[in-house]
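Undergrad: Please find one structure pasted underneath; my questions will follow.
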Amino acid sequence: MLRPLSLPPILSSYAKTALPLRHFTLTSFVSSKQLPPRLKINDADLTVSYLKGSGPGGQKINKTNSAVQLIHKPTGLVVKSQATRSRSQNEKIARELLADRIEELQKGDQSRVAIKADRARKQKASASKKTRRKYRELEQNREQEAESGKAEDKHHSTEHKEQQPEQVQ
Numbered sequence: 012m013l014r015p016l017s018l019p020p021i022l023s024s025y026a027k028t029a030l031p032l033r034h035f036t037l038t039s040f041v042s043s044k045q046l047p048p049r050l051k052i053n054d055a056d057l058t059v060s061y062l063k064g065s066g067p068g069g070q071k072i073n074k075t076n077s078a079v080q081l082i083h084k085p086t087g088l089v090v091k092s093q094a095t096r097s098r099s100q101n102e103k104i105a106r107e108l109l110a111d112r113i114e115e116l117q118k119g120d121q122s123r124v125a126i127k128a129d130r131a132r133k134q135k136a137s138a139s140k141k142t143r144r145k146y147r148e149l150e151q152n153r154e155q156e157a158e159s160g161k162a163e164d165k166h167h168s169t170e171h172k173e174q175q176p177e178q179v180q
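Count along the sequence shown from 1, add 11, and you get the number used in the numbering used here.
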């Protein structure tokens, strides 16, 4: 008989009191917008062939037919994938790549790939703005400290001269 998974009584009471009520996430609200669904490709429109891989990987990759090549008959697009040693994973990756390319041809700027690239570009621009702002503020703080330091040095040097007693000979 199976029993439900749970924490021991001591830990479960601690977990209820110690855990925060809200979840912490690093994703921003902007990226929570859903991407458009990936384009569905008809299997009848595809020619699938399994090839021997090439490049690094040694004898194993050169001997096995784990690389996948997909040809989309209506457009004539050819996609090859040998990212992993698994034929099924390579086929899945190749189908995703082909769907992205076809969608990019059909929709242009409204395609998944274009939207992802635009988000990445905006995020990079925002990060660079943030770093420029940070260094500008640091530079302003240094200048203010330097100006206040010079003013204090002048003030201290005049006080020091006034406080020194005259030497008697």
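For glycine and all other residues, C-beta sits at the position ideal for the given N, C-alpha and C.
Which residues in the same chain have their Cβ closer than 8 Å to the Cβ of P85, if we skip the five residues on either side of it in sequence?
TA: D56.
Undergrad: Which residues does DSSP pair with Q80 in a beta bridge?
TA: Beta-bridge pairing links Q80 to S60, K91.
Undergrad: Count the C-beta pairs between the stretch 91-104 and the stretch 57-65 that are closer than 8 Å, then say yes if the count reaches three, no if not.
TA: Yes: the two stretches touch, three or more of their Cβ pairs being nearer than 8 Å.
Undergrad: Assuming R112 is part of the alpha helix (DSSP H), what are its boundary residues?
TA: R112 -> alpha helix (DSSP H) spans 98-118.
Undergrad: Taking K71 as part of the alpha helix (DSSP H), name the residues at either end of that continuous run.
TA: Counting along the chain, the alpha helix (DSSP H) containing K71 begins and ends at 69-74.
Undergrad: If you check the beta carbons only, do R49 and A125 fall under 8 Å apart?
TA: Contact: no.
Undergrad: Say whether the stretch 99-108 touches the stretch 75-85, bearing in mind that this needs 3 or more beta-carbon pairs closer than 8 Å, one atom from each stretch.
TA: Yes: at least three Cβ pairs fall under 8 Å.
Undergrad: Secondary structure at L50, three-state DSSP: helix, strand or coil?
TA: DSSP places L50 in coil when its eight states are reduced to three.
Undergrad: Does DSSP classify S122 as helix, strand or coil?
TA: Residue state, collapsed to three classes: coil.
Undergrad: By alpha-carbon positions, which one of L88, D54, D120 ends up nearest to S47?
TA: The sequence shown places Pro at residue 47, not Ser. Ranking L88, D54, D120 by Cα distance to P47 puts D120 first.
Undergrad: Please name the residue in K141, V89, Q100, R98 whose C-alpha comes closest to that of I113.
TA: Ranking the options by Cα distance to I113, first place goes to V89.
Undergrad: What's the gap between the Cα of R144 and the Cα of Q45?
TA: Cα to Cα, R144 sits roughly 30 Å from Q45.
Undergrad: Should S97 be labelled buried (16 or more other beta-carbon atoms within 10 Å of its own) or exposed?
TA: So S97 counts as exposed.
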